[in-house]
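Asker: Take this structure, written in structure tokens, and hold onto it; I'll ask about it next.
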Amino acid sequence: MKISKALIILLVLLGTLFALPEYGKAESGVVYEVGDIVLNVRSEPSSGGTVIGKLQRGDQVIAFKEEHGWIQTYYAGKEAWVAAHYLIMKDRPNKISKAENQELKVTGQSVYVRSGPGTNYSVIGSTTVGDTYNIVAKDNGWYKIKLHDGSAGWIASWLTNKPSNTNNSKDQNNKVTATVPDKVKGISTSNPLKGYTIVLDAGHGGKDPGAIGLEGIKEKTLNSQTAEQVANVLRAKGATVVETRTSDRFLSLDQRAEISNAYNTDAFISIHYNAFPIQTVSGIGAYYSSKSKDFALAEDVQDSLSNTLPLFNRGLYQEEFRVLRKNNAPAVLLELGYLTNPSDLSIIQTTGYQEQAAHAIADGLVNYFD
Ligand SMILES: [Zn+2]
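One rule links them: number in the working numbering = place in the sequence shown (from 1) + 36.
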């Protein structure tokens, strides 16, 4: 009797939850689009707050919390407030799937994403241990997942933390740890970069966080993670890799160039992520200083990155960056995505993306040295 009463109360509560209006009130974690022509971004949740910027119709913001009709978001890396009244919900959260936890985590080291639910379908991409995806559908031991570029693909359930359709449930633990053959390792037995010295530079560090993105994510952290992946891939391909920093420490731009100049460096690669006040700005770009010294390297690496990575290709830029200009070796500075763009940020944080970027950089170097 008690149980059924509690159940009814629970159902009523759930009912009111779904009956709440779905617009007019900002929800945290949800992406909103600006509906007004120009919307002021303010330092505080009130019309008296200082205007620190402006958004235009179609710009997107992520809500982190709401206070009296104002939603908190990030603008130019800082906490900022906009009036909820002018925002249109873009991604409506699916409460039902959240409650059922319809998210999976990849447990295989190198897992193929296929066009359909079976190994006979073509490979459309790959993913790696720790990456998470939302489940869209399920079919005979395979999950249809939403990929980070918005499209969908299929992944074997036994290579995830949600194995399904296994005959013996006790067997599941063994199955989840199974991995598909690591093709990448097979290829790397040849050493196309043997004899080359590459200096890898993880941008910023220590007291200098670099750009600060949505949710307060620091550029220096992503730079370190990515540089580590690049170092691994380059070493596997036979290169001698020198890293300007392997811990969270501060180095001046001159010191970074000096490290490069102290070696017989064949190529210098500086790893960065970008930020911009307007959230819709996104993509990857490469910067060079000297047309004769740096351009060919920048072009080969950027070509390879833009052919491989799912982000928008912003192309090549000539810029007098000190770390490039003071460098005797061919040098390129890579901006591998925007910490201030919600879509970029969801992709660039994954090990899968950073690994993909690492392989693309290595391929670009192989082409450059060829
Ligand atoms: Zn940077």
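C-beta atoms are modelled at their ideal positions from N, C-alpha and C, and glycine is treated no differently. Predicted, not measured: the structure shown is a model, and the values here were computed from it.
1. Between Gly351 and Phe286, is the Cβ-Cβ spacing less than 9 angstroms?
2. Strictly by DSSP, which residues pair up with Glu279?
3. Measure from the alpha carbon of Ile314 to the alpha carbon of each residue in Gly94, Ala322, Leu229, Ile383, then state which is nearest.
4. CB-CB under 6 angstroms to Ser151, same chain, minus the five flanking residues each way: which ones, in chain order?
5. Distance check for Leu381 and Ala116, CA to CA, integer angstroms please.
6. Glu124 to Tyr68, Cα distance in whole Å?
7. So, at 7 angstroms on beta carbons, what are the nonlocal neighbours of Asn403 in its own chain, with the 5 sequence-adjacent residues on each side left out?
8. Is Glu279 near ligand 1, judged by its Cβ being under 8 angstroms from some heavy atom?
9. Between the Cα of Ser328 and those of Asp302, Leu347, Ile73, Pro366, spot the shortest distance and give me the residue it belongs to.
10. Have a look at His184 and Ile383 and give me their C-alpha separation to the nearest angstrom.
11. Comparing alpha-carbon positions, which option in Ala303, Ala275, Tyr111, Lys90 lies nearest Ile253?
12. In chain order, what are the residue ranges of uninterrupted alpha helix (DSSP H) at least 4 long that sit wholly in the region 241-269?
13. Spatial neighbours of Gly388 within its chain, please: C-beta separation below 6 angstroms, excluding the five flanking residues on both sides.
14. Along the chain, where does the beta strand (DSSP E) containing Gly89 start, and where does it finish?
15. Between the alpha carbons of Lys230 and Leu270, how many angstroms are there, rounded?
16. Just the C-alpha distance for Val147 and Glu264, rounded to the nearest angstrom, thanks.
17. Just tell me which of Thr109, Ile320, Leu401 has its CA closest to the CA of Val266.
18. Over the uninterrupted beta strand (DSSP E) stretch that includes Glu69, give me the two end residues.
19. At the level of alpha carbons, what is the spacing between Gln92 and His121?
20. Consider the C-beta atom of Tyr389 and the heavy atoms of ligand 1; say whether any pair is separated by less than 8 angstroms.
21. Less than 9 angstroms between the C-beta atoms of Leu140 and Asn76, yes or no?
22. Thr262 and Tyr232 - do their beta-carbons sit closer together than 9 angstroms?
23. What I want to know is whether the C-beta of Val235 ends up closer than 8 angstroms to one or more non-hydrogen atoms of ligand 2.
24. To the nearest angstrom, how far is it from the Cα of Gln96 to the Cα of Val172?
25. Mind checking whether Arg292 and Thr280 have CB atoms under 9 angstroms apart?
26. Any heavy atom of ligand 1 inside 8 angstroms of the beta-carbon of Ala247?
27. Would Ala247 and Asn170 qualify as a contact pair, given that the criterion is a beta-carbon distance under 9 angstroms?
28. For Glu356, which three-state DSSP category applies?
29. Assuming contact is defined by CB atoms lying nearer than 9 angstroms, are Val359 and Asp284 in contact in what I supplied?
30. What's the call for Thr86, buried or exposed, on a 16-neighbour Cβ count within 10 Å?
31. For ligand 1, any of its heavy atoms closer than 8 angstroms to the Cβ of Gly22?
32. In chain order, what residues of the same chain have a beta carbon less than 6 angstroms from the beta carbon of Leu289, not counting five sequence neighbours either side?
33. Tell me the residue span of the alpha helix (DSSP H) that contains His395.
34. Nearer than 8 angstroms: is that true of the beta carbon of Glu184 relative to any heavy atom of ligand 1?
35. For the alpha helix (DSSP H) containing Val337, list its first residue and its last residue.
36. Comparing the CB of Asn310 with every heavy atom of ligand 1, is any distance shorter than 8 angstroms?
Answerer: If we stick to the structure as given:
1. no
2. DSSP, once it has assigned bridges, lists Leu236 as partnering Glu279.
3. Nearest of Gly94, Ala322, Leu229, Ile383 to Ile314, Cα basis: Gly94.
4. Tyr157, Ser158, Ile160
5. 18 angstroms
6. The sequence given here has Ile at residue 124, not Glu. Computed Cα separation, rounded: 5 angstroms.
7. Asp336, Ser340
8. no
9. The shortest C-alpha separation from Ser328 is found at Pro366.
10. 6 angstroms
11. When each option's Cα is compared against that of Ile253, the closest is Tyr111.
12. none
13. Thr163, Thr164, Asp167
14. Boundaries of the beta strand (DSSP E) harbouring Gly89: 87-92, taken from the DSSP string.
15. 9 angstroms
16. 21 angstroms
17. Leu401
18. 67-70
19. 14 angstroms
20. Judged by the Cβ position, Tyr389 fails to qualify as a neighbour of ligand 1 at the 8 angstroms threshold, every heavy atom of the ligand being at least this far.
21. no
22. no
23. Of the ligands this structure carries, namely ligand 1, none is ligand 2.
24. 24 angstroms
25. yes
26. yes
27. For the 9 angstroms CB-CB criterion, Ala247 and Asn170 do not form a contact.
28. Coil.
29. no
30. The residue is exposed, with fewer than 16 neighbouring Cβ atoms inside 10 Å.
31. Residue numbering for the chain in the displayed model covers 37 to 406; residue 22 lies beyond these limits and cannot be assessed.
32. Arg358, Val359
33. 387-405
34. Sequence inspection shows His at residue 184; the Glu mentioned does not correspond to that position. No, the Cβ of His184 stays beyond 8 angstroms of every heavy atom of ligand 1.
35. 331-344
36. yes
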